[in-house]
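For the sequence shown, position 257 matches number 256 in numbering that gives the first Met the number 0, and the numbering has no gaps at all.
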Amino acid sequence: MTSPNTTSLSVLAVVLGALILGATTAALREIDVGSTAAGFWRVALALPVLLGIAALRTRDQNRPRALPSRPQWRLLLIAGACFAGDLVFWHLALVNTSLGNATFLATLSSLWVPLVAFCFLRQTLSKRFALGLICALTGSGILVSAHLGVGTSSSSSWVGDAYGLLTGFFFTGYILAVGYCRESLTTADTMLYSSALCAAFLLPLAIAAQVVAGETLLPSSATGWLSVFALALLAHLVGQGLVAFGVGQLSASLAAVILCLEGVGAMTVGALFYAETRDAWDLGAIVLIVTGIALAQRDASG
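Here you go:
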């Protein structure tokens, strides 16, 4: 049984991870590479550090390093593939709509998690889930409605909102897969192998995007390199690492609820540095989303 202290530490880890992930969304605005390439550099640049951590753990344990079993590889493959999809669509969302919208819409994954569990894992859902779903989708509709006007800018923002929603589907698979991985693997191993597999998925996609769409693969400025290193070290190693650690001790649904704080961090950065103003309707929509998600997760299997 998980002790209260362990649970509190796990909650704190996911909270800090979510806030860091939200705050580092601004790095995407400064990157001079394509969205797929940005995702690749985010995980690829973190791999040497993850390898070093794994080597230190092996040395401390004074025993040969054991590779994951076949069932563990399957879960890691799913986690890597889902995280690749998550990064591609989230990065597209961040450069096509406001930081807050992209992130809050992506956090709707906390609704898809129990829905997937209901459809495929035969878990029951409480009546609160239906009410929470209505609240969250209403709030999302209000956020998106501001971008349904006429004009190039509104059209681009609407597409960005759609990318944000797609991000939530991939993040659902990632959270579920990482939760299962952490039942038998450490945080370091989960991060190392899933990140390597994610990079393996993203590299050919980034090259294809360069050939077909003309997207830039290599950063061409100091600011561009600084931004991808910030994504790798802060967002992936620290932020995503804290989330992976916390998910190992918490239910996937609870972790997904806490990750709503990611939207708070992104919205704060957007307001402070990118003049992304918010009105009362937007704030009301955010309250609806967070309330709906909290209701949906409370006693979700009751």
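Ideal placement from N, C-alpha and C gives every residue a C-beta, glycine not left out.
Original post:
Below 8 Å, can you find three or more Cβ-Cβ pairs linking the region 168-187 to the region 72-87?
Top reply: yes
**OP:** Please classify Leu258: does DSSP put it in a helix, a strand, or coil?
**Re:** coil
Original post:
Taking the alpha-carbon positions, what's the Ile52 to Trp280 distance?
Top reply: 46 Å
Original post:
When you compare each of Ile77, Thr185, Ala129 to Gln245 by their alpha carbons, which one comes out closest?
Top reply: Note on residue identity: the sequence assigns Gly, not Gln, to residue 245. Minimum Cα distance to Gly245 is reached at Thr185.
Original post:
So, are the CB atoms of Ala243 and Met190 less than 9 Å apart?
Top reply: yes
**OP:** Decide if the region 193-209 is in contact with the region 34-54; the criterion is three or more beta carbon pairs, one per stretch, under 8 Å apart.
**Re:** yes
Subject >> Residue closest to Leu101, alpha-carbon to alpha-carbon, out of Ala265, Thr290, Val10, Ala293 >> reply: It should be pointed out that residue 101 corresponds to Ala in this sequence rather than to Leu. Ranking Ala265, Thr290, Val10, Ala293 by Cα distance to Ala101 puts Ala265 first.
Original post:
For Gly269, which three-state DSSP category applies?
Top reply: helix
Subject >> Cβ neighbours of Leu325 in the same chain (closer than 7 Å, five flanking residues each side left out) >> reply: No answer is possible for residue 325: the residues shown for the chain start at 0 and end at 301.
Original post:
If we ignore side chains and look at the alpha-carbon of each, how far apart do Leu55 and Glu29 end up?
Top reply: 34 Å
**OP:** Starting from the Cα of Thr267, find the closest Cα among Ser220, Thr137, Ala25, Thr215 and give me that residue.
**Re:** Ala25
Subject >> C-alpha distance - Pro7 paired with Ala231, whole-angstrom precision >> reply: According to the sequence shown, residue 7 is Ser rather than Pro. Going by the C-alpha atoms only, they are around 27 Å apart.
Original post:
Helix, strand or coil for Leu98 per DSSP?
Top reply: helix
Original post:
Mapping DSSP to helix, strand and coil, what is Pro218?
Top reply: coil
**OP:** May I ask you to report which of helix, strand or coil DSSP gives Pro47?
**Re:** helix
Original post:
Are the region 63-72 and the region 207-222 in contact at 8 Å, needing three or more beta carbon pairs?
Top reply: no
Original post:
Would you report the Cα separation of Gly21 and Gly138, rounded to the nearest angstrom?
Top reply: 19 Å
Original post:
Taking the Cβ atom as the reference point for each residue, do Ala17 and Ile257 lie within a distance shorter than 9 Å?
Top reply: yes
Subject >> Status (buried if at least 16 other CB within 10 Å, exposed otherwise) for Ala187 >> reply: buried
Original post:
For Ile141 versus Leu287, is the C-beta spacing smaller than 9 Å?
Top reply: yes
**OP:** Take the Cβ of Glu261 as the centre, count every other Cβ of all protein chains shown within 10 Å, and call the residue buried at 16 or more, exposed below.
**Re:** buried
Subject >> N-terminal and C-terminal residue of the alpha helix (DSSP H) that Arg28 is part of >> reply: 26-29
Original post:
Does the separation of the CB atoms of Ala195 and Gly283 fall below 9 Å?
Top reply: no
Subject >> Helix, strand or coil at Pro67 [DSSP, three-state] >> reply: coil
Original post:
Where does the unbroken alpha helix (DSSP H) through Ala234 begin, and where does it stop?
Top reply: Premise fails: Ala234 is in no alpha helix (DSSP H) and is neither H nor E.
Original post:
Do Ile19 and Leu271 have their CB atoms nearer than 9 Å?
Top reply: no
**OP:** Compute the Euclidean distance between the alpha carbons of Val14 and Ser193, then round it to the nearest angstrom.
**Re:** 22 Å
Original post:
Can you tell me whether DSSP reads Val14 as helix, strand or coil?
Top reply: helix
Subject >> Leu204, enclosing alpha helix (DSSP H) - first and last residue >> reply: 186-212
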